[in-house]
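A.B. asks:
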Amino acid sequence: MRKILFFLFLIPLIVNAQKSPYQYFEIRDNVSLFEAVYSAPGNSANDLSKRLFDICNGMSSVKDVKNSDGIITGLITHMYFPYKKYGLGGMNMNAALKFPMKFNFKINTKQDKYKVTITGLYFDMQDFKDAMSGTPGILAAATSSDFTLDDLLCRNRKMDYRTSGKAIRENTSLEKFLYETFKLKKNDDTW
């Protein structure tokens, strides 16, 4: 009986299960990612794939776009998050959100829908690092690495979600921006 009670007491300490406060951000295999499925009624998988590929190819911030069997992959560089549009800003906002984002994306197309997966998202702080390269002390140490999606969403390396109202508000706004970025407009060849 003692062993069973000890075992039942030990399980909550080992198991890391947490419900996500976000609709499209998730943690899978200790990696933070964005994944959303979009509806595109009246489009075949091939038409949708061609249309999305043409849009990606026409964007200046998109690099290395490839289309293989309905799967479009690429890298987006130097995309800014318009935080003011989402009611964020001021001294209380996470400063990393003001830097340009870089991330890999993958778009899977099927009949009447497509799925966008974003991985490797980080905020490129290189310009800031270059400006502070000669600064000794805390400021120079704080700029030693780029700010990743893991840093934004998670509290620690165990991948526990940040639960403060400020963090959830900022991350929900970023999530909404990424969702709207990849949403096709009706009868238009733009995002």
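Under mature numbering (1 follows the signal peptide of the UniProt record, and there is no 0), residues -17 to -1, 1 to 174 are what the sequence shown spells out, in order.
Beta carbons are placed, not taken as given, at the ideal position from N, Cα and C, and that holds for glycine.
Owing to the predicted nature of the structure, the values given are computational and were not obtained by experimental measurement.
1) Quick one: Cα of ASP107 to Cα of ASP134, how far?
2) Leaving out the 5 sequence neighbours to the left and right, which residues in its chain are closer than 8 Å to ASN26 when beta-carbon positions are compared?
3) Could you tell me the boundaries of the alpha helix (DSSP H) in which LYS89 lies?
4) Using the C-alpha atoms, what's the distance from LEU132 back to THR146?
5) CA-CA distance, PRO65 and SER44?
6) Give me the residue from TYR105, TYR144, LYS149, LEU136 with the minimum Cα distance to ILE59.
7) In terms of residue numbering, what span does the alpha helix (DSSP H) encompassing ASP32 cover?
8) So LEU135 is in the alpha helix (DSSP H); what residue range does that whole segment cover?
9) Which residues in the same chain as GLY72 place their Cβ atom closer than 8 Å to its Cβ, once the five residues preceding and following it in sequence are excluded?
10) Buried or exposed: where does ASN154 fall if 16 or more other Cβ atoms within 10 Å of its Cβ makes it buried?
11) Given LEU16, which residues of its chain have a CB within under 7 Å of its CB, disregarding the five upstream and five downstream residues?
12) What residue range is occupied by the uninterrupted beta strand (DSSP E) comprising LEU167?
13) Apart from the five residues on each side of it in sequence, which residues of its chain come closer than 8 Å, Cβ to Cβ, to GLU18?
14) From this set, ASN91, THR92, MET62, which residue's C-alpha is nearest LYS81's C-alpha?
15) In the DSSP assignment, what residue or residues form a beta bridge with GLY73?
16) Which word fits GLU163, buried or exposed, when buried means at least 16 other C-beta atoms lie within 10 angstroms of its C-beta?
17) Helix or strand or just coil, what does DSSP make of ASN50?
18) Within 10 Å of its beta-carbon, does VAL48 have 16 or more other beta-carbons around it, so buried, or fewer, so exposed?
C.D. replies: So, to answer that:
1) Rounded to the nearest angstrom, the gap between the Cα atoms of ASP107 and ASP134 is 13 Å.
2) The answer, listed in chain order, is ARG34, GLN94, ASP95.
3) Not the alpha helix (DSSP H): LYS89 falls in the beta strand (DSSP E), residues 84 to 93.
4) Distance from the CA atom of THR146 to the CA atom of LEU132, rounded to whole angstroms, is 15 Å.
5) If you take the alpha carbons of PRO65 and SER44, they lie about 15 Å apart.
6) Of TYR105, TYR144, LYS149, LEU136, the residue nearest in Cα terms is TYR105.
7) First, the residue type needs correcting, since residue 32 is Ser and not Asp in the sequence shown. Start and end: 28 to 41.
8) First-last of the alpha helix (DSSP H) with LEU135: 132 to 136.
9) Excluding sequence neighbours, GLY72 sits near TYR66.
10) Counting Cβ neighbours within 10 Å, ASN154 comes out buried, since at least 16 surround it.
11) These residues qualify, in order along the chain: GLU9, THR100, ILE101, THR102.
12) Run containing LEU167: none; DSSP gives neither H nor E here.
13) Once the five neighbours on either side are set aside, the close Cβ partners of GLU18 are TYR7, GLU9, LYS98, VAL99, THR100, ILE101.
14) Of the listed residues, the one whose Cα sits closest to LYS81 is MET62.
15) For GLY73, which the question treats as bridged, DSSP gives no partner whatsoever.
16) Burial call: exposed.
17) Note: ASN50 maps to strand in three-state DSSP.
18) Counting the other Cβ atoms within 10 Å of the Cβ of VAL48 gives 16 or more, which makes it buried.
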